[in-house]
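**Student:** If you read the sequences in order, they're chains A and B. Heads up: the first sequence begins at 1 in the working numbering, then just goes up one per residue. Heads up: the second sequence begins at 116 in the working numbering, then just goes up one per residue.
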Amino acid sequence: DTGVSQNPRHKITKRGQNVTFRCDPISEHNRLYWYRQTLGQGPEFLTYFQNEAQLEKSRLLSDRFSAERPKGSFSTLEIQRTEQGDSAMYLCASSTFAAGNYEQYFGPGTRLTVT
Amino acid sequence: QQQVKQSPQSLIVQKGGIPIINCAYENTAFDYFPWYQQFPGKGPALLIAIRPDVSEKKEGRFTISFNKSAKQFSLHIMDSQPGDSATYFCAAGLTGRRALTFGSGTRLQVQP
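1. Taking Cβ positions only, does A:ALA93 come closer than 9 Å to chain E?
2. I'd like the list of long-range same chain contacts for B:ALA214, defined as Cβ closer than 8 Å, with 5 residues on each side in sequence excluded.
3. By how many angstroms is the C-alpha of B:GLN129 removed from the C-alpha of B:GLN116?
4. Quick check: is the beta carbon of B:ALA214 nearer than 9 Å to any beta carbon in chain A?
5. For B:GLN116, would you say it is in contact with chain A, using Cβ-to-Cβ distances shorter than 9 Å as the test?
6. Taking 8 Å as the threshold, find out whether the segment 152 to 168 of chain B comes into contact with the segment 101 to 110 of chain A through three or more Cβ pairs.
7. In chain order, which continuous runs of the beta strand (DSSP E) of length 3 or greater are located wholly inside the segment 16 to 104 of chain A?
8. By the 8 Å beta-carbon criterion, what residues does the segment 146 to 169 of chain B contribute toward chain A?
9. For B:PRO123, name the three-state secondary structure that DSSP assigns.
10. Among the residues of its own chain, which have a CB less than 8 Å from the CB of A:ARG36, if the five just before and after it don't count?
11. Locate the beta strand (DSSP E) running through B:ILE179, then write down its first and last residues.
12. Going along chain A, which residues have a C-beta under 8 Å from B:GLY131?
13. Using a Cβ-Cβ cutoff of 9 Å, what residues of the segment 12 to 34 of chain A are near chain B? List them in chain order.
14. Considering only residues of the same chain and omitting the five flanking positions on each side of B:GLY220, which have a CB-CB separation below 8 Å?
15. Only counting the same chain, and skipping five residues up and downstream in sequence, which positions put a Cβ closer than 7 Å to that of A:ASP86?
16. Between A:PHE106 and chain B, is any beta-carbon pair separated by less than 9 Å?
17. Return the residue from the list A:GLU56, A:ASN30, A:ASN7 and A:VAL19 that minimises the CA-CA distance to A:ARG64.
18. Could you check the C-alpha separation between B:ILE179 and B:ARG166 for me, to the nearest Å?
19. How big is the Cα-Cα spacing for A:PHE49 and A:GLU56?
20. Helix, strand or coil, according to DSSP, for B:GLY156 in the structure here?
21. Assuming A:THR76 contacts A:GLU68 (C-beta within less than 8 Å), just tell me the rounded distance between them.
22. Just the Cα atoms here: how many angstroms apart are A:LEU32 and A:ASN51?
23. CB-CB under 7 Å to B:GLY131, same chain, minus the five flanking residues each way: which ones, in chain order?
24. B:THR216 to B:ALA206, Cα distance in whole Å?
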């Protein structure tokens, strides 16, 4: 399968715990995005990488959230001191570097439940 | 402030019907308008996208109509099938900013 992959697919954690999600983009894609989707809503942008550089962060990305893409390949999203309001589907997407290319391809997501 | 408004919230059509989903945007700088299809438990899948320099684009049974002056665009699904039952999201993108702004989604049910 050459699509975007995300692990784990589901995560249940207790409030206050830290969690980390991983995203593996399509192999030739330089750009990687994280979105959050709550039930009944569209995805909301969190952050974006071009290669290993984090170029944009949403106001939704509080200080408890941190994302990395250390070698310009896979990325991790960590949430510290989780809160019940963090319960959502966390989606990763990737795209190529071609100028004017906006086509983003999404992974299956990681569903986080904070109890 | 919601920048992309999508309607209707839900839609039921009979097999073979032509569901139409509408989106309106506020930021005239948006220059890329994709539609995504999402099945339960899956990530959104890119269906079709349009730029504001064309008024219509067709790919298979899916057609986007774009009205730049009205700041509106819509998705038409020709000869709809039960397998098209899913949630559809419109989105908008802006040159120089890689984030997509999504609508709130339309849950489509195609009855056999």
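For every residue, glycine included, the Cβ atom is placed at its ideal position computed from N, Cα and C.
**Tutor:** Result, derived from the coordinates:
1. Included in the structure are the protein chains A and B, with no chain E among them.
2. On the second sequence, position 99 is the one that residue 214 of chain B refers to. The residues are GLY208.
3. If you number the second sequence from 1, residue 116 of chain B lands on position 1. If you number the second sequence from 1, residue 129 of chain B lands on position 14. At B:GLN116, the pLDDT of 44 sits below 50, so the modelled position is not reliable; the number obtained from the coordinates is stated separately. Approximately 35 Å, taken between the alpha carbons.
4. Here the question's residue 214 of chain B lines up with position 99 in the second sequence. Answer yes: the Cβ-Cβ gap between B:ALA214 and chain A drops below 9 Å somewhere.
5. To locate residue 116 of chain B, count along the second sequence from 1; it is residue 1. Below a pLDDT of 50, predicted positions are generally treated as unreliable, and B:GLN116, at 44, falls in that range; the measurement from the model is reported next regardless. Cβ-Cβ to chain A under 9 Å: no for B:GLN116.
6. yes
7. 19 to 24, 31 to 37, 44 to 50, 53 to 57, 65 to 68, 75 to 79 and 88 to 95
8. TYR147, PRO149, TYR151, GLY156, LYS157, GLY158, PRO159, ALA160, LEU161 and ALA164
9. Taking the second sequence and counting its residues from 1, the one referred to as residue 123 of chain B is at position 8. Correct three-state label for B:PRO123: coil.
10. Here residue 36 of chain A refers to the residue found at position 36 when the first sequence is read from its first residue. So the qualifying residues of the chain are PRO43, GLU44, LEU46, LEU60, ALA88, MET89, TYR90 and LEU91.
11. Residue mapping note: residue 179 of chain B aligns to position 64 of the second sequence, counting from 1. Taken as a continuous stretch (DSSP letters only), the beta strand (DSSP E) holding B:ILE179 covers 177 to 182.
12. The residue labelled residue 131 of chain B in the question sits at position 16 within the second sequence. The contacting residues do not exist; B:GLY131 stays about 28 Å from chain A at best.
13. Those would be ARG31 and TYR33, in chain order.
14. The residue given as residue 220 of chain B occupies position 105 in the second sequence. The residues are GLN121, GLN124, GLN153, THR202, TYR203 and PHE204.
15. For this step, residue 86 of chain A is matched to residue 86 along the first sequence. Cβ within range, chain order: ILE79, LEU112 and VAL114.
16. For the purposes of this step, residue 106 of chain A is taken as residue 106 along the first sequence, with counting starting at 1. Chain B, which has a Cβ nearer than 9 Å to the Cβ of A:PHE106, makes this yes.
17. Walking along the first sequence from the start, residue 64 of chain A turns up at place 64. The candidate whose alpha carbon is nearest that of A:ARG64 is A:VAL19.
18. Reading the second sequence from its first residue, position 64 is the one you call residue 179 of chain B. Reading the second sequence from its first residue, position 51 is the one you call residue 166 of chain B. C-alpha separation (whole angstroms): 10 Å.
19. On the first sequence, residue 49 of chain A is found 49 positions in, with the first residue counted as 1. On the first sequence, residue 56 of chain A is found 56 positions in, with the first residue counted as 1. For A:PHE49 and A:GLU56, the distance between alpha carbons rounds to 7 Å.
20. Within the second sequence, the letter at position 41 stands for residue 156 of chain B. Of the three classes helix, strand and coil, the one that applies to B:GLY156 here is coil, per DSSP.
21. Numbered from its first residue, the first sequence carries residue 76 of chain A at position 76. Numbered from its first residue, the first sequence carries residue 68 of chain A at position 68. Confirmed, Cβ separation roughly 5 Å.
22. Within the first sequence, the letter at position 32 stands for residue 32 of chain A. Within the first sequence, the letter at position 51 stands for residue 51 of chain A. The alpha-carbon atoms of A:LEU32 and A:ASN51 are separated by roughly 8 Å.
23. Working through the second sequence from its first residue, we reach residue 131 of chain B at position 16. Result list for B:GLY131: ASP194 and SER195, in chain order.
24. Your numbering for residue 216 of chain B matches position 101 in the second sequence. Your numbering for residue 206 of chain B matches position 91 in the second sequence. Whole-angstrom Cα-Cα distance: 5 Å.
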